[in-house]
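Colleague: First to last, the protein sequences are chains A and B. When you read off a place in the first sequence, starting at 1, and then add 251, the result is the number in our numbering. When you read off a place in the second sequence, starting at 1, and then add 278, the result is the number in our numbering. Beta carbons are placed, not taken as given, at the ideal position from N, Cα and C, and that holds for glycine. Before we start, here is the structure in question, set down as C-alpha cells.
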Amino acid sequence: MTAAALRARVAPWILLGPFLALFAVFTAYPLVTSIWLSTRQTFGPGYSRSVGLGNFAQLLSDPLFWTALRNTAVYTFGCVCIQIPLSLMLALVLNRPGLRMRAPLRLILFSPAMVGVVFVGMIFSVIFEKRTGLLNQLLHGAFGWDLDFPWLESYVMPALIIATLWQYVGFSMVYFLAALQNVPADLTEAARMDGAGPFRRFLHVVVPAIRPVGTFVVLLSIIGSFQIFELPYILMNGLGGPDNRALTLVMYLYQTGFQTGDLGYASAIGWAMALVLAACAVIQRVVSSGGENA
Amino acid sequence: MTPRPPRAPHSRHPPHPPGSSRLGLWLCYAVAFAAAGLALIPFVWLVCASLKSPADFFTSAFLPLGEGWLGIAWDRLTLDNYRTLFSDSSIARGLLNSVLISSVTALLATLACAMGGYALARLEFAGRRAVSWLVMAALIIPPPLLVAPGFEVLYRLGLLDTFMGLILPAIGPAFGVFLFRQATLSSVPKEVLEAAKMDSCGEVSAFFRIVLPLVQPMVAAFLMITFLAAWNNFLSPQIVMQTPGRFPLSVMIAQLKNVYYQDYGLLMAGTLVSIAPVAGLFLLLQKDFVAGLTSGALKG
C-alpha cells in the first residue's frame, strides 16, 4: 500500500476521531447506562441497588410526576398554540413587499432569543412583581388593569408562557420568514392571475410551500418547551411554586436526581419524557409527509 | 411621497395594485413596530433599572422623573449598583469563568464538528454510512435524558467540579457535525478537493487549507451557537460545579438572587453584565448566525 493510500484510509478517522471519542464517552455511553440506571435506586453517584422496573411502576403512581407532566404539557401546548400563529403572522408582515427596514426589524425581534433563559428569568422575576412590576404598571396605564394582579403568586403558568413568548416568537419568525422568501413568486403570481384572493393565495400557495418548515418549527418549539427548567427555577426560587403549579418534568428530574440524590429515578423520568417527545416526532413526520402526498 | 421602484431582493414580487395595498402596508408597519417595541421594552427597562438607586427603583417605571432634560432626573442615576456588584460579589470571577468556558467550548466544538462534517460529506471510507446514521440518530436524543447518567460519567472520570467537566461533554454535539456536513456538501465542490489531491495535498491538510475557508459562514454561525449555548447553560454548571469560585455567570447570578433578593437594581446590573458580552458578539456575527440557524431547516 502506498503512503498516500494509507493516508487516505486513516484521514477520515483522524478527522472524525475527536467527535467520535467525545460522542462515545458523553452521549452513547450515558445513553446506554441510563437504561441500566433507570432500573436502580441510587444514593448519590456510586451507590445503588436494583429495583427492576420499580422506578417505572412508581412513576405511574407518583402524583408529583403527573403534576409535572401535566404542567409541562399545558405549558408546551400554550406556548406552541400562541407562538406559532403569532410568529407566522409577524413573518408575513415582515415579508410584505415594499416594507422597509426589514433587516433591523428582524434583528430586533430575534434579539431576545440570544438571552439565556436564566437571565430572562431574572428580568421577568422583577417585571412580574405585584404593584411595582413593569407588566402590571404598563397594563394598568393602558387598560386600567389591576395593579395587584398576582402573576407569580397565582398565575404562574400564564407568566411562564408570556416570558417564553417574549423570548421565542422572533426566533420562530426567522424560520418562517426564511421559508416565505423561498416561496416561488411566479406561483403566487399565477394564482393571482387565476383570480385567487389574498386568503386563498395564502391557503393554497403559501401554506403548502412553508409546510415543511412549519412542522419543523412546531417540533422545535415542542421539544424546547418540553425541556423548560431554568425559567420556573428562577421565578420560583428553585421550588415548584404555589401548589407545585410551576413544577416541570426537568425540574422534577433535577430535584430527584440532585437534591434527593436518586439518579435512577431521575433516569426513569428522563425516559418517560423521551417517550413523549418521540411520539411528537412521529406525529410531525406523519403531518409533514401528508403535505407532500396531497 | 412617490412610490419607490421595488428593490433587488423583492423584485420578483410584482407591485401591488394601488389603493388597497397602501393601507395594508401602513398596517404592516404598525404591527412590525409594535412588536419590535415589545421586544425592546424589557431591554430598555433593564438598563434603566440597573442605573437606579434603591430609593428610586419603584417610584417610576423606567427612569426617575424630575427637573432635568425630557423631564427626567438624570442626576439621580447612579453607577453604585455596578460598583457594589464588582466589589462585594465575585462577579468579575464569574465573568472570567464564563468567557473561558464558552470560548474554549466554542473553538473546540467548531473544530471537531467541522472536521467530522467534512469527512462525512466528502471522504470515501468504510463506515461512512454507519457514522452518518449515528449522527442522525443522535439528533433526536433529548438532552435531559443524559443529565443523570452523564453526571455519573463525570463522577467516574473525576471531572466533577472542573472546567473540563463542563467543556468536554459540549464539544461533540451531533447537530454540529450534521450542520457542517450540509455546509460542506453545498459549498465545497468535489472538483476543488480532487485538484488539491493532484497537487498531493492530503485529506487533513485539505481541511485546513480548502474546506475551512469555504465553509467560513457556517464556522461563524456555529462559533456563535456553541458560545451562546455554553454561556447561557445553567443546568450543567449547576450540577457539575461545587466551588463558588468556578461558577459561570449563569449560576452566580441565580445565587445572587438569594443573597440580594431585595436589591433589584443590583440584580439587574448583574443581569445586564451577563447579557452585554453576548449581545455584542451577536450584533457582530448576526448575519451568519441567522443564516446558519435556518440553513438546516430549509435544506432538510
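From the DSSP secondary-structure annotation, give me the bridge partner or partners of Ile350 (chain B).
Modeller: Reading the second sequence from its first residue, position 72 is the one you call residue 350 (chain B). B:Leu343, per the DSSP bridge assignment.
Colleague: Can you list, in chain order, the residues of its chain whose CB lies under 6 Å from that of Phe316 (chain A), leaving out five sequence neighbours each side?
Modeller: The residue given as residue 316 (chain A) occupies position 65 in the first sequence. So the list reads Leu310, once near-sequence residues are dropped.
Colleague: Kindly indicate if chain B contains any beta-carbon less than 7 Å away from that of Gln478 (chain A).
Modeller: Here residue 478 (chain A) refers to the residue found at position 227 of the first sequence. Closer than 7 Å to some Cβ of chain B, the Cβ of Gln478 (chain A) qualifies, so yes.
Colleague: Between Ser338 (chain B) and chain D, is the shortest Cβ-Cβ distance under 7 Å, so that the two count as touching?
Modeller: Although the question refers to chain D, the structure presented lacks it and instead comprises the protein chains A and B.
Colleague: Would you identify the three-state DSSP class for Thr293 (chain A), choosing helix, strand or coil?
Modeller: For the purposes of this step, residue 293 (chain A) is identified with residue 42 of the first sequence, where counting begins at 1. Three-state DSSP puts Thr293 (chain A) in a strand.
Colleague: Find out if the Cβ-Cβ distance for the pair Ala530 (chain A), Ser289 (chain A) is shorter than 7 Å.
Modeller: On the first sequence, residue 530 (chain A) is found 279 positions in, with the first residue counted as 1. On the first sequence, residue 289 (chain A) is found 38 positions in, with the first residue counted as 1. Going by C-beta atoms, Ala530 (chain A) is not nearer than 7 Å to Ser289 (chain A).
Colleague: Tell me, please, whether the CB atom of Cys306 (chain B) is closer than 7 Å to any CB atom in chain A?
Modeller: For the purposes of this step, residue 306 (chain B) is taken as residue 28 along the second sequence, with counting starting at 1. So, interface residue.
Colleague: Go ahead and pull the three-state DSSP assignment for Ser465 (chain B).
Modeller: Numbered from its first residue, the second sequence carries residue 465 (chain B) at position 187. The answer is helix: DSSP assigns Ser465 (chain B) an H, G or I state.
Colleague: Could you work out which residue in A:Trp402, A:Val276, A:Leu528 and A:Ile474 is closest to Gly492 (chain A) when comparing CA atoms only?
Modeller: Along the first sequence, one-based indexing puts residue 492 (chain A) at 241. Minimum Cα distance to Gly492 (chain A) is reached at A:Trp402.
Colleague: List the residues that DSSP assigns as beta-bridge partners of Ser301 (chain A).
Modeller: In the first sequence, the residue the question calls residue 301 (chain A) occupies position 50. Its beta-bridge partners are A:Arg291.
Colleague: Answer yes or no: does any C-beta atom of chain A fall closer than 7 Å to that of Met393 (chain B)?
Modeller: Taking the first residue of the second sequence as 1, we reach residue 393 (chain B) at position 115. By this cut-off, Met393 (chain B) is an interface position.
Colleague: Taking one C-beta from the region 533–542 of chain B and one from the region 411–424 of chain B each time, how about it: are there three or more such pairs within less than 8 Å?
Modeller: At 8 Å Cβ cutoff, the stretches do not touch.
Colleague: Please report how far the alpha carbon of Thr253 (chain A) lies from the alpha carbon of Arg487 (chain B), in whole angstroms.
Modeller: What you label residue 253 (chain A) is simply residue 2 of the first sequence in a count that begins at 1. What you label residue 487 (chain B) is simply residue 209 of the second sequence in a count that begins at 1. The alpha-carbon atoms of Thr253 (chain A) and Arg487 (chain B) are separated by roughly 23 Å.
Colleague: Alpha carbon to alpha carbon, how far is Phe485 (chain B) from Met393 (chain B)? Give it in angstroms, no decimals.
Modeller: Counting from one through the second sequence, the residue named residue 393 (chain B) turns up at place 115. Counting from one through the second sequence, the residue named residue 485 (chain B) turns up at place 207. Rounded to whole angstroms, Met393 (chain B) to Phe485 (chain B) spans 7 Å at the Cα level.
Colleague: Does any residue of chain B have a CB that is nearer than 7 Å to the CB of Val407 (chain A)?
Modeller: Position 156 of the first sequence, counting from 1, holds the residue named residue 407 (chain A). With 7 Å as the cut-off, Val407 (chain A) does not count as an interface residue toward chain B.
Colleague: With 7 Å as the threshold, decide whether the Cβ of Tyr542 (chain B) is near any Cβ in chain A.
Modeller: As a position in the second sequence, residue 542 (chain B) is number 264, starting the count at 1. Cβ-Cβ to chain A under 7 Å: yes for Tyr542 (chain B).
Colleague: Using a C-beta to C-beta distance shorter than 9 Å, which residues of chain A count as neighbours of Ile503 (chain B)?
Modeller: Numbered from its first residue, the second sequence carries residue 503 (chain B) at position 225. Simply none; closest approach about 10 Å.
Colleague: For Leu257 (chain A), count neighbouring C-beta atoms within 10 Å of its own C-beta (all shown protein chains included) and say buried if the count is 16 or more, exposed if not.
Modeller: Taking the first residue of the first sequence as 1, we reach residue 257 (chain A) at position 6. The residue in question, Leu257 (chain A), is exposed, as its Cβ has fewer than 16 Cβ neighbours within 10 Å.
Colleague: By Cβ distance, which residues of its chain are closer than 6 Å to Ala507 (chain B), with the 5 residues on each side in sequence left out?
Modeller: Here residue 507 (chain B) corresponds to residue number 229 of the second sequence, with the count starting at 1. Nothing listed; no residue qualifies.
Colleague: Would you decide whether Arg347 (chain A) is buried or exposed? Buried here means 16 or more other CB atoms lie within 10 Å of its CB.
Modeller: Numbered from its first residue, the first sequence carries residue 347 (chain A) at position 96. Answer is buried; the Cβ neighbour count reaches 16.
Colleague: Measure how close the beta-carbons of Val420 (chain A) and Leu339 (chain A) come, nearest whole angstrom, since I'm counting them as under 8 Å.
Modeller: The residue given as residue 420 (chain A) occupies position 169 in the first sequence. The residue given as residue 339 (chain A) occupies position 88 in the first sequence. The pair is not a contact, with the Cβ atoms about 10 Å apart (cut-off 8 Å).
Colleague: Going by Cα to Cα distance, which pick from A:Ser362, A:Ser299 and A:Gly384 is closest to Gly315 (chain B)?
Modeller: Position 37 of the second sequence, counting from 1, holds the residue named residue 315 (chain B). That would be A:Ser362, whose Cα lies nearest to the Cα of Gly315 (chain B).
Colleague: Do you know how far the Cα of Gly349 (chain A) is from the Cα of Ala286 (chain B)?
Modeller: For the purposes of this step, residue 286 (chain B) is identified with residue 8 of the second sequence, where counting begins at 1. For the purposes of this step, residue 349 (chain A) is identified with residue 98 of the first sequence, where counting begins at 1. Any reading at Ala286 (chain B) must be qualified, since the residue scores a pLDDT of 46, below 50, and its modelled position is unreliable; no value is offered.
Colleague: Within 7 Å (strictly less), CB to CB, does Pro522 (chain B) reach chain A?
Modeller: Taking the second sequence and counting its residues from 1, the one referred to as residue 522 (chain B) is at position 244. For Pro522 (chain B), the answer is no, since every Cβ of chain A falls outside 7 Å of its Cβ.
Colleague: Please return the same chain residues whose Cβ sits closer than 7 Å to the Cβ of Ser587 (chain B), not counting the five positions on each side in sequence.
Modeller: The question about residue 587 (chain B) has no answer here: the residues shown for chain B are numbered 279 through 578.
Colleague: Got a sec: is the Cβ-Cβ distance from Glu472 (chain B) to anything in chain A below 7 Å?
Modeller: If you number the second sequence from 1, residue 472 (chain B) lands on position 194. For Glu472 (chain B), the answer is no, since every Cβ of chain A falls outside 7 Å of its Cβ.
Colleague: List the residues of chain B whose Cβ lies closer than 9 Å to the Cβ of Gln535 (chain A), in chain order.
Modeller: In the first sequence, residue 535 (chain A) corresponds to position 284, counting from 1. Those within 9 Å of Gln535 (chain A) in chain B number zero; the least Cβ separation is about 11 Å.
Colleague: Which residues in the same chain have their Cβ closer than 6 Å to the Cβ of Met524 (chain A), if we skip the five residues on either side of it in sequence?
Modeller: Within the first sequence, the letter at position 273 stands for residue 524 (chain A). Excluding sequence neighbours, Met524 (chain A) sits near Leu500.
Colleague: Quick one: list the residues of chain A neighbouring Glu469 (chain B), beta-carbon separation under 9 Å, in chain order.
Modeller: If you number the second sequence from 1, residue 469 (chain B) lands on position 191. What Glu469 (chain B) touches in chain A: nothing, since even the nearest Cβ is about 17 Å away.
Colleague: Pair every Cβ in the region 254–273 of chain A with every Cβ in the region 386–403 of chain B, then say whether three or more of these pairs are closer than 8 Å.
Modeller: Short answer: they touch.
Colleague: Can you check whether the C-beta of Ala363 (chain A) is within less than 7 Å of a C-beta belonging to chain B?
Modeller: Numbered from 1 along the first sequence, position 112 holds the residue referred to as residue 363 (chain A). First, the residue type needs correcting, since residue 363 (chain A) is Pro and not Ala in the sequence shown. With 7 Å as the cut-off, Pro363 (chain A) counts as an interface residue toward chain B.
Colleague: Check the Cβ of Tyr419 (chain A) against every Cβ in chain B and list those closer than 9 Å, keeping chain order.
Modeller: The sequence position of residue 419 (chain A) within the first sequence is 168, counting from 1. Neighbours of Tyr419 (chain A) on chain B: none; closest Cβ ~11 Å, over 9 Å.
Colleague: Any beta carbon of chain A sitting closer than 7 Å to that of Phe560 (chain B)?
Modeller: If you number the second sequence from 1, residue 560 (chain B) lands on position 282. So, interface residue.
Colleague: From Val538 (chain A) to Phe335 (chain B), what distance separates their C-alpha atoms?
Modeller: One-based indexing of the first sequence puts residue 538 (chain A) at position 287. One-based indexing of the second sequence puts residue 335 (chain B) at position 57. Computed Cα separation, rounded: 50 Å.
Colleague: Nearest-angstrom Cα distance between Phe456 (chain B) and Thr462 (chain B)?
Modeller: Numbered from its first residue, the second sequence carries residue 456 (chain B) at position 178. Numbered from its first residue, the second sequence carries residue 462 (chain B) at position 184. Going by the C-alpha atoms only, they are around 10 Å apart.
Colleague: Cβ of Asp313 (chain A) within 6 Å of any heavy atom in the ligand FMN?
Modeller: Looking at this structure, you won't find the ligand FMN or any other ligand, since it has none at all.
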